[in-house]
Amino acid sequence: MQQSQGQSSKHGRMNPSLKSEGYGDKVIQQLNNLRSRNELCDFKVSAGEKSFQVHKALLAATSDYFRVMFGGAMAESKQDSVDLKGVTADGLQMIIDFVYSGELSLEYDNLTEAINTASHLQVSSALDICSDYIIAGMTFENAQDFLTIATTYSLDKVLKHWDKMILSNFVEFSETQCFLKMEAVTLVKYLCSNALRASSEYKIFQCLDKWFKHNPTRISNDCVTVLTHIRFPLMSERELQMVQESELMKRCLGPLHLVTKGFKYHLDCRERHPVIEERSNVRTEIPTLVLIQPHNSASYVPFQITSYDHVTGVFYRLYSDLNGSRDCRLTVIDNFIYICRVVDFGGGSLMSSLFRFDPRHLCGQELRPMLRLRMDFAMVAHGSCLYVFGGSTEQFATMDSVECYNVKTNTWTEMPPLPMALNSLAALTVERKVYLSGGASQDRQPTNSFTIFHPHYQTYETLPGMFYARRLHEMVFFQEKVYVLGGIPRQGVPLHGQIPIECYDVSTSQWTMLSSTLSGRSVGHYLSFQGYILSLGHEHHNAKEDEIWTYDPEVDGWSKYAKAPQRMSLMSVICSTIFVNFHDEKVAKTYLKDK
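First residue of the sequence shown? That's 1 in UniProt numbering, and the numbers climb one at a time after it.
Spelled out as structure tokens, the structure:
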């Protein structure tokens, strides 16, 4: 092992299994004192030429080996001593000392001995401490010796840490001999993972190029097997061109069709929704919050798409333009953000716009707009289709029309109209149904309607209405229930500026009233995220306009979550979740510094 050999480290705390058997700190100290005087020791355990006087109760409390021995039908259960085979006297001394003190004094020279004895006697807490010791000292340079130990003794904690080291530092790992000697089947395991971290997919290809050059026979044996797991659609067209012209691809013709698929992804994006396969997915394991701020032509703030990495607490500005946007609605299909909006192109001329944002390449694309110009409408995604419901015309007439956009064909079609004309309603997709709630009718008064739209049958089903009529609100599906939050009630309702959260239980078709949020809110301020319901903007008395708060339905209470970047108001922001690779060099350079 390429580390100094003289170092030692005392690891461990009082063994939790002792306390689980009812032994407190004082009792354990007393037992240590008694053992030092060989008092009340009712068992002798030997290894080699050394014997140790111990307490059966403590051995059974810490060692599965002795628990079985003393509690079963084995002959040793009736004896007062046992001579152990397969362990050394020094190793046994370490583990017995650990049984009584909860501490292990580990060095590189005695590590294997300690692990072997702990494994033989099935002292899992000692093995856990040994694993932590290995993890603390493991590097790519010295890993091989540690891995041999971990594999021999099935130290899963160490092996999982090793996988995490490789996935988190893949490019650095590619500089080691361990990487160059890695078998193809093992390499593929890492290439398949969404947790693999690199500055770009092209950089991963360059790492594999070194792996093939180290052993040229791999080109004929493993080329297709390995390169199949490169995500070529994540590369730019320039990077794909360089891959196509590389010496590796000239010698390995099998995966060339995958490079062609990468080019086709970009071509399809310019014309329609591309076909999404596993190799088109962003390399990340958890979704992230994305905030979209519309741009009003009278405002200094442009149209912006911002994402929030909740692990690091950093915001990233993924996209920005100066198109005057209003009445934006968003939804997500195949990790593309689809934004229906009304755009002011100047001169007071309003036009419908359907904009798609791709977080793989941080680029946007204008698609075919809605058949009708509408404002204050609701939008959801279902399967490969977008549905827009109701809204208002430029002349403020309330609409009952419904349109469907097929992302695969880039076409809009008319759907059966709403049961009644509504604007400022809320929509939510739950499995194969679309829930529609509230909204303002022709007389501009909020309603308490609650309806299901069945996309497959293109029919509507009326459900029990909400307690409160409301408009400009939002719905969230959380833990098998539909939550209705925010909004503006009917005039004259004595809520003192607040409107209650309502919860609809899908299984019982019953409504429950919860705590309040401030009224006067717009849509798109709530979503289910990381086990909570997020609220954006000044939704209750303690929150400010640049803060994100969480609502916990279990306790019907609020807590602060994050603060938006400087000069970013969340009052008009709409939000959703997508997968963003914050380690991608394109994304990393868009981070917003705190000022």
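Beta carbons: idealized from backbone N, C-alpha and C, even for Gly.
Open item on the list: For a test of the three-state rule: what should DSSP assign to Gly487, helix, strand or coil?
Closed with: Stepping through the sequence shown from its first residue, residue 487 is reached at position 487. Coil at Gly487, not helix or strand.
Task: Helix, strand or coil at Ser220 [DSSP, three-state] - done: Taking the sequence shown and counting its residues from 1, the one referred to as residue 220 is at position 220. DSSP places Ser220 in helix when its eight states are reduced to three.
Open item on the list: Just to confirm before moving on: does the CB-CB distance between Val434 and Ala426 stay below 8 Å?
Closed with: Numbered from its first residue, the sequence shown carries residue 434 at position 434. Numbered from its first residue, the sequence shown carries residue 426 at position 426. It is not a contact, given that the beta carbons lie outside the stated cut-off.
Task: Distance, Leu354 Cα to Glu366 Cα - done: Walking along the sequence shown from the start, residue 366 turns up at place 366. Walking along the sequence shown from the start, residue 354 turns up at place 354. For Glu366 and Leu354, the distance between alpha carbons rounds to 6 Å.
Open item on the list: What ranges does the beta strand (DSSP E) occupy inside the segment 301-349, keeping only unbroken runs of at least 3 residues that lie completely in it?
Closed with: As far as the segment 301-349 is concerned, its whole beta strand (DSSP E) runs of at least 3 residues are 303-309, 314-321, 324-333 and 336-344.
Task: Span separating the alpha-carbon of Ser519 from that of Leu472 - done: Reading the sequence shown from its first residue, position 519 is the one you call residue 519. Reading the sequence shown from its first residue, position 472 is the one you call residue 472. Caution applies to Ser519, whose pLDDT of 48 falls short of 50 and renders its modelled position unreliable; the model cannot decide the point.
Open item on the list: Here's the rule: buried if 16 or more other CB atoms are within 10 angstroms of the residue's CB, otherwise exposed. What is Arg218?
Closed with: By one-based count along the sequence shown, residue 218 stands at place 218. Buried is the label assigned to Arg218, since at least 16 other Cβ atoms lie within 10 Å of its Cβ.
- [ ] Run the CB neighbour count on His257, radius 10 Å, all protein chains shown included, and call it buried at 16 or more, exposed below.
- [x] Here the question's residue 257 lines up with position 257 in the sequence shown. With fewer than 16 other Cβ atoms within 10 Å, it is exposed.
TODO: Could you tell me if Phe579 is buried or exposed, where buried requires 16 or more neighbouring beta carbons within 10 angstroms of its beta carbon?
DONE: For the purposes of this step, residue 579 is taken as residue 579 along the sequence shown, with counting starting at 1. With 16 or more other Cβ atoms inside 10 Å of its own Cβ, Phe579 counts as buried.
- [ ] Determine the contact status of Leu92 and Thr117, defining contact as a CB-CB distance below 8 Å.
- [x] Taking the sequence shown and counting its residues from 1, the one referred to as residue 92 is at position 92. Taking the sequence shown and counting its residues from 1, the one referred to as residue 117 is at position 117. Cβ atoms of Leu92 and Thr117: closer than 8 Å.
Task: Test item: CB-CB of Met466 and Val484 under 8 Å - done: The residue labelled residue 466 in the question sits at position 466 within the sequence shown. The residue labelled residue 484 in the question sits at position 484 within the sequence shown. Yes.
Open item on the list: Determine whether the beta carbon atoms of Tyr551 and Ser535 lie at a separation below 8 Å.
Closed with: Counting from 1 along the sequence shown, the entry for residue 551 is found at position 551. Counting from 1 along the sequence shown, the entry for residue 535 is found at position 535. Yes, the Cβ-Cβ distance between Tyr551 and Ser535 is below 8 Å.
Task: 4 or more residues per run - each alpha helix (DSSP H) lying fully within the segment 124-208 - done: Segments of the alpha helix (DSSP H) lying fully in the segment 124-208: 124-137, 143-152, 156-168, 170-173, 177-180 and 184-191.
Task: Host alpha helix (DSSP H) of Leu111 (start-end) - done: Here residue 111 is taken as the residue at index 111 of the sequence shown, counted from 1. Counting along the chain, the alpha helix (DSSP H) containing Leu111 begins and ends at Leu111 to His120.
Task: Continuous beta strand (DSSP E) stretch holding Ile533: start and end - done: Mapped onto the sequence shown, residue 533 falls at position 533. Run containing Ile533: Tyr532 to Leu536, per the beta strand (DSSP E) assignment.
Open item on the list: Restricting to runs no shorter than 3 residues, where is the beta strand (DSSP E) found entirely within the segment 563-593?
Closed with: Runs of the beta strand (DSSP E) inside the segment 563-593: 574-578.
Open item on the list: Please report the straight-line C-alpha distance between Ser392 and Ser200, rounded to a whole angstrom.
Closed with: Here residue 392 refers to the residue found at position 392 when the sequence shown is read from its first residue. Here residue 200 refers to the residue found at position 200 when the sequence shown is read from its first residue. Using only the alpha carbons, I get a separation of about 44 Å.
- [ ] Return the residue from the list Asn448, Val430 and Thr429 that minimises the CA-CA distance to Ser437.
- [x] If you number the sequence shown from 1, residue 437 lands on position 437. Nearest in C-alpha terms to Ser437, of all of Asn448, Val430 and Thr429, is Asn448.
Open item on the list: Tell me which residues share the same chain as Asp64 and place their Cβ nearer than 6 Å to its Cβ, disregarding the 5 neighbours each side in the sequence.
Closed with: Counting from 1 along the sequence shown, the entry for residue 64 is found at position 64. Taken in chain order, the residues that qualify are Gln122.
- [ ] Would you please state the rounded distance, in angstroms, between the beta carbons of Ile574 and Leu330? I believe it to be under 8 Å.
- [x] As a working note, residue 574 is residue 574 in the sequence shown. As a working note, residue 330 is residue 330 in the sequence shown. Rounded, the Cβ-Cβ distance is 5 Å, consistent with contact.
TODO: Tell whether a beta-carbon distance below 8 Å holds between Tyr153 and Ile115.
DONE: Here residue 153 refers to the residue found at position 153 of the sequence shown. Here residue 115 refers to the residue found at position 115 of the sequence shown. For Tyr153 and Ile115, yes; Cβs fall inside 8 Å.
Task: Straight-line gap, Tyr387 to Glu247 (C-alpha atoms, nearest Å) - done: Residue numbering aside, residue 387 sits at position 387 when the sequence shown is read from its first letter. Residue numbering aside, residue 247 sits at position 247 when the sequence shown is read from its first letter. As the crow flies, the alpha-carbon of Tyr387 is around 48 Å from that of Glu247.
Open item on the list: What residue range does the alpha helix (DSSP H) around Asp443 cover?
Closed with: For this step, residue 443 is matched to residue 443 along the sequence shown. Boundaries for Asp443: no alpha helix (DSSP H) harbours it, and the DSSP string shows neither H nor E there.
Task: Which of helix, strand or coil DSSP assigns to Met94 - done: Taking the sequence shown and counting its residues from 1, the one referred to as residue 94 is at position 94. The answer is helix: DSSP assigns Met94 an H, G or I state.
Task: Cβ neighbours of Ser51 in the same chain (closer than 6 Å, five flanking residues each side left out) - done: One-based indexing of the sequence shown puts residue 51 at position 51. Answer for Ser51: Lys44, listed in chain order.
Open item on the list: Tell me the rounded alpha-carbon separation between Leu514 and Ile501.
Closed with: As a first step, residue 514 must be located in the sequence shown, where it is residue number 514. As a first step, residue 501 must be located in the sequence shown, where it is residue number 501. Going by C-alpha positions, Leu514 is about 5 Å away from Ile501.
- [ ] Measure the beta-carbon distance from Asp376 to Asp327 and round it to whole angstroms, keeping in mind my assumption that it falls under 8 Å.
- [x] The residue you call residue 376 lines up with position 376 of the sequence shown. The residue you call residue 327 lines up with position 327 of the sequence shown. Confirmed, Cβ separation roughly 6 Å.
- [ ] Kindly provide the ranges of any alpha helix (DSSP H) runs that are 4 or more residues long and lie completely inside the segment 343-408, ordered along the chain.
- [x] For the segment 343-408, not a single whole alpha helix (DSSP H) run of length 4 or above is found.
Task: Opening and closing residue of the alpha helix (DSSP H) in which Thr228 lies - done: Within the sequence shown, residue 228 is the residue found at index 228, counting from 1. Annotation for Thr228: no alpha helix (DSSP H) segment contains it, and DSSP assigns it neither H nor E.
TODO: Could you check if Phe212 is buried or exposed, using at least 16 other CB atoms within 10 Å of its CB as the buried criterion?
DONE: On the sequence shown, position 212 is the one that residue 212 refers to. By the 16-neighbour rule on beta-carbons within 10 angstroms, Phe212 is buried.
- [ ] On a CA-only basis, which of Asp443, Tyr190, Glu245 and Leu84 is nearest Thr228? Give me that one, please.
- [x] Indexing the sequence shown from 1 puts residue 228 at position 228. Ranking Asp443, Tyr190, Glu245 and Leu84 by CA distance to the CA of Thr228 puts Tyr190 first.
Open item on the list: Taking the beta strand (DSSP E) that Phe52 belongs to, which residues open and close that run?
Closed with: Counted from its first residue, the sequence shown places residue 52 at position 52. Per DSSP, the unbroken beta strand (DSSP E) holding Phe52 starts and ends at Lys50 to Val54.
Task: Whole-angstrom distance between Ala588 and Ser280, CA atom to CA atom - done: On the sequence shown, residue 280 is found 280 positions in, with the first residue counted as 1. On the sequence shown, residue 588 is found 588 positions in, with the first residue counted as 1. Note on geometry: alpha-carbon atoms of Ser280 and Ala588 lie some 20 Å from one another.
TODO: Confirm, please, whether the CB-CB distance from Phe232 to Val275 is below 8 Å.
DONE: Here residue 275 refers to the residue found at position 275 of the sequence shown. Here residue 232 refers to the residue found at position 232 of the sequence shown. Phe232 is positioned such that its CB atom lies no closer than 8 Å to that of Val275.
- [ ] Assign Leu253 to one of two classes, buried (16 or more other C-beta atoms within 10 Å of its C-beta) or exposed (fewer than that).
- [x] If you number the sequence shown from 1, residue 253 lands on position 253. Exposed, since its Cβ has fewer than 16 Cβ neighbours within 10 Å.
Open item on the list: If you follow the beta strand (DSSP E) that Gln79 is in, where does it begin and where does it stop?
Closed with: Taking the sequence shown and counting its residues from 1, the one referred to as residue 79 is at position 79. Counting along the chain, no beta strand (DSSP E) covers Gln79, and no H or E run does either.
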